[in-house]
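Trainee: The listed protein sequences derive, respectively, from chains A and B.
Using my numbering, the first residue of the first sequence is number 14, and each one after it goes up by one.
Using my numbering, the first residue of the second sequence is number 36, and each one after it goes up by one.
C-beta: ideal position from N, C-alpha, C; glycine also.
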Amino acid sequence: MTETTVLRGHPGVGPNAEGVALVCDEGFSARYDYDRYTGVISRETHPLFGQSIAGKIVVFRTSKGGVATSWMMLDMVARGTCPAGFIFGRTNPVMVQGAVLADVALMHELEPDPLAAIRTGDSVRMRPAAGVVEVVRKLSNG
Amino acid sequence: MRLTCEEKAMLAGEMGPAAGEALARQMEVGRFFRAEDFVPVRTVHVMADIEALADPGLRFLEETAAAGARFRVPVTTNPRSVDFALWRDVGQDEDTVTRERRIVDALTAMGALPCNTCINYQTVDPPRFGEHLGWGDTGTVIFANSVAGARSNFEAGPAAVWAGLTGRVPRYGFHLPEKRRGTVRVLVENQPTSNSDWGALGCVVGRQVDDYWRVPVFEGIDGKPSTDDLKHLGAALASFGSLAMFHMVGVTPEARTAEEAYGGREPDETIVVSPGMLRAAYDSFQPEKEAVDLVVCGTPQLSLFELQSIVELLRGRRVHSNSKLYLTTNYQIKALADRMGYTEIVETAGGRILSGVCFYIMNARVLRERFQYRTLVTNSAKLANIISGYGYNPVFRPVETCVDAAVTGRVR
Chain A
14 MTETTVLRGH PGVGPNAEGV ALVCDEGFSA RYDYDRYTGV ISRETHPLFG QSIAGKIVVF
74 RTSKGGVATS WMMLDMVARG TCPAGFIFGR TNPVMVQGAV LADVALMHEL EPDPLAAIRT
134 GDSVRMRPAA GVVEVVRKLS NG
Chain B
36 MRLTCEEKAM LAGEMGPAAG EALARQMEVG RFFRAEDFVP VRTVHVMADI EALADPGLRF
96 LEETAAAGAR FRVPVTTNPR SVDFALWRDV GQDEDTVTRE RRIVDALTAM GALPCNTCIN
156 YQTVDPPRFG EHLGWGDTGT VIFANSVAGA RSNFEAGPAA VWAGLTGRVP RYGFHLPEKR
216 RGTVRVLVEN QPTSNSDWGA LGCVVGRQVD DYWRVPVFEG IDGKPSTDDL KHLGAALASF
276 GSLAMFHMVG VTPEARTAEE AYGGREPDET IVVSPGMLRA AYDSFQPEKE AVDLVVCGTP
336 QLSLFELQSI VELLRGRRVH SNSKLYLTTN YQIKALADRM GYTEIVETAG GRILSGVCFY
396 IMNARVLRER FQYRTLVTNS AKLANIISGY GYNPVFRPVE TCVDAAVTGR VR
């Protein structure tokens, strides 16, 4: 049994993307939090410390820090350590500029709130041009 | 987005393929943020160091330059990952130096001014009230918006290159008067008394207000903060909160009164910075051990005034043999330091003044592994915030404690 939820909003950037969700009620920065050589969150105080975000659809509350993530996204794609797509509660311009350069899916300001509607482990399909995110959750029996 | 005749021609490639491509990418960003049109910018400030770019970013810049692309407005550059004169002394790789130089060459070929500084607003390009800019280091943007009343969003590395190539940026965010209004009231009851205290204030507020689109308004500040004070406040707010603008009633130009700062509306939140909170910001960065591996001052790069105060504290003392002291600044301040004898005092003490760099950009993870660095003491709240992502144990302290830590090799 599965349950599907649809989130909608203003069109995002980048191609359609699919992956398993990793949800975090925190900000994200590739420079502050992340080791792009391994794909693992490297800040010891980050709730996702030690976890890989490569190939995931990551859901962060906000974006964090400076401008470096824009260039870094290009390198993350080249190394295979980039998430398949980014969903933010609300992002700063840096992430969007990086996603445009690296051609990575990125969306924000969706309804209902992705932090509540998406759980780690859900299957997520992003269609940025249409402003649509589909979330498929497996329901345990009984 | 609505385009002018010139922009339509640019998009069609009539001003070269690079400008057309850049405008198309800017339009993608502009549509995302619902920009209605573009706005011309006077200057662009581009962050592009090899640590962030790596080979794919370097390739992008070199291909753009080789295709004959030229910037249409003056473009200044942010710090590099190496000091081209002192990289051997720091223990960096020749390969990093070579690749960093290729970035500088590519940007220079397109017409950039390689000043390699994050204090362009204090040195090469003071921003002016009301003008539009396409700046790319967060500390430079928050200073320009807040202290000068100029107008810029974060134009991150590639976006700043696009802005340089087109001479304009999509008009959204802090280019629009209604987005510049204060939204959060910050009542300051714990007065900052040093540069690093202002960084501590930025840390306290940035940790609570961590959304680019929100604008804190500082009320209750006694006295008149200096340019360096506001630089540390802004850098910390931008680092901890990813903020691009603040107001300070009676201090910053769009906040002559509280009413003006809030644009006639009520703030949606009030934060009180009560006595003890600045101290608590320092205390939130604790050393795991007493032995200090290195002391770094200069995020943002040191002004002449900051450098003077460090030199006065260091004069006649020696950096401990188990520790290192790095002071980072730009070429202009370094040239003055050489003339004034500051460089000699620092080097005699066993420290180094590095120019054209900022420590967290200097392949900090590689340096840590190479020299087993762990405990880093700094008077920069911003550096303390960033460097833990590279596996360091940051200790944020006032500058007097930093210099003592360098000399004694110990911190508590």
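Where Tyr207 of chain B and Val33 of chain A are concerned, what is the direct C-alpha to C-alpha distance, given to the nearest angstrom?
Mentor: For the purposes of this step, residue 207 of chain B is taken as the residue at position 172 of the second sequence. For the purposes of this step, residue 33 of chain A is taken as the residue at position 20 of the first sequence. So the two alpha carbons sit approximately 33 Å from each other.
Trainee: Counting only the same chain and skipping the five closest in sequence on each side, list residues whose C-beta sits under 7 Å from that of Val442 of chain B.
Mentor: Counted from its first residue, the second sequence places residue 442 of chain B at position 407. Cβ within range, chain order: Arg352, Arg353, Val354, His355.
Trainee: At 4 residues or longer, and completely inside the region 84 to 140 of chain A: list those alpha helix (DSSP H) runs for me, N to C.
Mentor: Those alpha helix (DSSP H) runs which fall completely within the region 84 to 140 of chain A and span 4+ residues are 106 to 115, 127 to 130.
Trainee: Measuring only between beta-carbons, confirm whether Pro310 of chain B sits less than 9 Å from chain A.
Mentor: As a position in the second sequence, residue 310 of chain B is number 275, starting the count at 1. Taking Cβ atoms only, chain A never reaches closer than 9 Å to Pro310 of chain B, which makes this a no.
Trainee: Out of B:Asp72, B:Glu435, B:Ile368, B:Phe394, state which residue places its alpha-carbon closest to the alpha-carbon of Gln157 of chain B.
Mentor: Locating residue 157 of chain B in the second sequence gives position 122, where the first residue counts as 1. Checked all of B:Asp72, B:Glu435, B:Ile368, B:Phe394; the closest Cα to Gln157 of chain B is B:Ile368.
Trainee: For Ile388 of chain B, does the three-state DSSP call read helix, strand or coil?
Mentor: Mapped onto the second sequence, residue 388 of chain B falls at position 353. The answer is strand: DSSP assigns Ile388 of chain B an E or B state.
Trainee: Assess, as a yes-or-no matter, whether the region 184 to 197 of chain B is touched by the region 252 to 264 of chain B under the definition of 3 or more beta carbon pairs within less than 8 Å.
Mentor: Judged by Cβ distances under 8 Å, the region 252 to 264 of chain B makes no contact with the region 184 to 197 of chain B, as fewer than three pairs qualify.
Trainee: By alpha-carbon positions, which one of A:Leu123, A:Ala130, A:Gly68 ends up nearest to Thr51 of chain A?
Mentor: Here residue 51 of chain A is taken as the residue at index 38 of the first sequence, counted from 1. Minimum Cα distance to Thr51 of chain A is reached at A:Gly68.
Trainee: Taking the alpha carbon of Trp20 of chain B as the reference point, which residue from B:Arg69, B:Pro75, B:Ala419, B:Leu329 has its own alpha carbon closest?
Mentor: Past the boundaries of the shown model lies residue 20 of chain B; chain B is included only from 36 to 447, so the question cannot be answered.
Trainee: Let me confirm a value: Gln407 of chain B is counted as buried when at least 16 other C-beta atoms fall within 10 Å, else exposed. Which label applies?
Mentor: Translated into positions along the second sequence, residue 407 of chain B becomes position 372. When all chains shown are included, Gln407 of chain B counts as exposed.
Trainee: Can you have a look at Phe106 of chain B and say buried or exposed, based on whether 16 or more other CB atoms are within 10 angstroms of its CB?
Mentor: What you label residue 106 of chain B is simply residue 71 of the second sequence in a count that begins at 1. Classification of Phe106 of chain B: buried, given that the 10 Å Cβ count is 16 or more.
Trainee: Let me know if Gly376 of chain B comes out buried or exposed under the rule of 16 or more other beta-carbons within 10 Å of its beta-carbon.
Mentor: Within the second sequence, the letter at position 341 stands for residue 376 of chain B. Looking at its Cβ environment, which holds fewer than 16 other Cβ atoms inside 10 Å, Gly376 of chain B is exposed.
Trainee: Going along chain A, which residues have a C-beta under 9 Å from Ser277 of chain B?
Mentor: Your numbering for residue 277 of chain B matches position 242 in the second sequence. Neighbours of Ser277 of chain B on chain A, chain order: Gly40, Ser42, Thr75, Ser76, Lys77, Gly78, Gly79, Asn105, Val107.
Trainee: Specify, as a first and last residue, the run of the beta strand (DSSP E) that Phe12 of chain B falls within.
Mentor: In the structure displayed, chain B extends from 36 to 447; residue 12 of chain B sits before or after that span and is not available.
Trainee: When you measure from the CB of Arg60 of chain B to every non-hydrogen atom of the ligand NAD, does any distance come out below 8 Å?
Mentor: Absent from the structure shown: the ligand NAD. Ligands present: none.
Trainee: Within its chain, find whatever has a CB closer than 6 Å to the CB of Phe25 of chain B; leave out the 5 residues flanking it on each side and keep chain order.
Mentor: It is not possible to answer for residue 25 of chain B, since the shown part of chain B is limited to 36 through 447.
Trainee: Can you tell me whether Gly155 of chain A is buried or exposed? The criterion is at least 16 other CB atoms within 10 Å of its CB, across all chains shown.
Mentor: Residue 155 of chain A sits at position 142 when you count from the first residue of the first sequence. Here Gly155 of chain A scores only 45 on pLDDT, less than 50, and its place in the model should not be relied on; the value that follows carries that caveat. Classification of Gly155 of chain A: exposed, given that the 10 Å Cβ count is below 16.
Trainee: According to DSSP, is Gly208 of chain B part of a helix, a strand, or is it coil?
Mentor: The sequence position of residue 208 of chain B within the second sequence is 173, counting from 1. Reduced to three states, the DSSP call for Gly208 of chain B is helix.
Trainee: Indicate whether at least one CB of chain B lies closer than 9 Å to the CB of Gly25 of chain A.
Mentor: What you label residue 25 of chain A is simply residue 12 of the first sequence in a count that begins at 1. It does; some Cβ of chain B falls within 9 Å.
Trainee: Is it the case that the Cβ atoms of Ala65 of chain A and Thr104 of chain A are separated by a distance below 9 Å?
Mentor: Residue numbering aside, residue 65 of chain A sits at position 52 when the first sequence is read from its first letter. Residue numbering aside, residue 104 of chain A sits at position 91 when the first sequence is read from its first letter. The sequence given here places Ser at residue 65 of chain A; Ala does not occur at that position. No, they are not a contact pair.
Trainee: Does chain A have any CB closer than 9 Å to the CB of Asp257 of chain B?
Mentor: As a position in the second sequence, residue 257 of chain B is number 222, starting the count at 1. No, Asp257 of chain B lies away from the interface with chain A (no Cβ there is under 9 Å from its Cβ).
Trainee: Quick check: is the beta carbon of Asp126 of chain A nearer than 9 Å to any beta carbon in chain B?
Mentor: By one-based count along the first sequence, residue 126 of chain A stands at place 113. Output row for Asp126 of chain A: interface = no.
Trainee: Give a yes or no on whether 9 Å exceeds the smallest Cβ distance from Ala143 of chain A to chain B.
Mentor: Residue 143 of chain A sits at position 130 when you count from the first residue of the first sequence. Chain B, which has no Cβ nearer than 9 Å to the Cβ of Ala143 of chain A, makes this no.
Trainee: In chain A, which residues lie less than 9 Å from Asn188 of chain B when you measure between Cβ atoms?
Mentor: Position 153 of the second sequence holds residue 188 of chain B. What Asn188 of chain B touches in chain A: Asn105, Pro106.
Trainee: Taking the alpha carbon of Phe41 of chain A as the point to measure from, which residue in A:Gly78, A:Pro125, A:His23, A:Gly22 has its own alpha carbon closest?
Mentor: To locate residue 41 of chain A, count along the first sequence from 1; it is residue 28. For the residues A:Gly78, A:Pro125, A:His23, A:Gly22, the minimum Cα distance to Phe41 of chain A belongs to A:Gly78.
Trainee: Is the shortest distance between the beta-carbon of Ser181 of chain B and the beta-carbons of chain A less than 9 Å?
Mentor: By one-based count along the second sequence, residue 181 of chain B stands at place 146. No, no contact with chain A.
Trainee: Using a Cβ cut-off of 9 Å (strictly closer), state whether Asp46 of chain A contacts chain B.
Mentor: Here residue 46 of chain A is taken as the residue at index 33 of the first sequence, counted from 1. Taking Cβ atoms only, chain B reaches closer than 9 Å to Asp46 of chain A, which makes this a yes.
Trainee: For Ser65 of chain A, write down the residues that DSSP places opposite it in a beta bridge.
Mentor: Position 52 of the first sequence, counted from the first residue, corresponds to residue 65 of chain A. A:Val53, per the DSSP bridge assignment.
Trainee: Pull up the distance between the alpha-carbon of Cys238 of chain B and that of Ala100 of chain B, whole angstroms please.
Mentor: The residue you call residue 238 of chain B lines up with position 203 of the second sequence. The residue you call residue 100 of chain B lines up with position 65 of the second sequence. Answer to the nearest angstrom: the Cα atoms are 39 Å apart.
Trainee: In angstroms, rounded to a whole number, what distance separates the CA positions of Arg350 of chain B and Ile380 of chain B?
Mentor: If you number the second sequence from 1, residue 350 of chain B lands on position 315. If you number the second sequence from 1, residue 380 of chain B lands on position 345. Cα to Cα, the separation comes out at about 6 Å.
Trainee: According to DSSP, simplified to helix, strand and coil, what is Ala30 of chain A?
Mentor: If you number the first sequence from 1, residue 30 of chain A lands on position 17. Reduced to three states, the DSSP call for Ala30 of chain A is strand.
Trainee: Between Glu41 of chain B and Pro149 of chain B, what straight-line distance do the alpha-carbon atoms span, to the nearest angstrom?
Mentor: Residue 41 of chain B sits at position 6 when you count from the first residue of the second sequence. Residue 149 of chain B sits at position 114 when you count from the first residue of the second sequence. Answer to the nearest angstrom: the Cα atoms are 29 Å apart.
Trainee: Check whether the Cβ atoms of Val250 of chain B and Val307 of chain B sit closer than 9 Å, and answer yes or no.
Mentor: The sequence position of residue 250 of chain B within the second sequence is 215, counting from 1. The sequence position of residue 307 of chain B within the second sequence is 272, counting from 1. For Val250 of chain B and Val307 of chain B, no; Cβs fall outside 9 Å.
Trainee: The alpha helix (DSSP H) that contains Pro91 of chain B, what's its start and end?
Mentor: The residue labelled residue 91 of chain B in the question sits at position 56 within the second sequence. That run of the alpha helix (DSSP H) goes 85 to 101.
Trainee: Going by DSSP in three states, Trp248 of chain B sits in which element: helix, strand or coil?
Mentor: If you number the second sequence from 1, residue 248 of chain B lands on position 213. Three-state result, Trp248 of chain B: coil.
Trainee: In chain order, what residues of the same chain lie with their CB nearer than 7 Å to the CB of Leu339 of chain B, ignoring the 5 residues before and after it?
Mentor: Within the second sequence, numbered from 1, the residue matching residue 339 of chain B stands at position 304. The residues are Ile368, Leu371.
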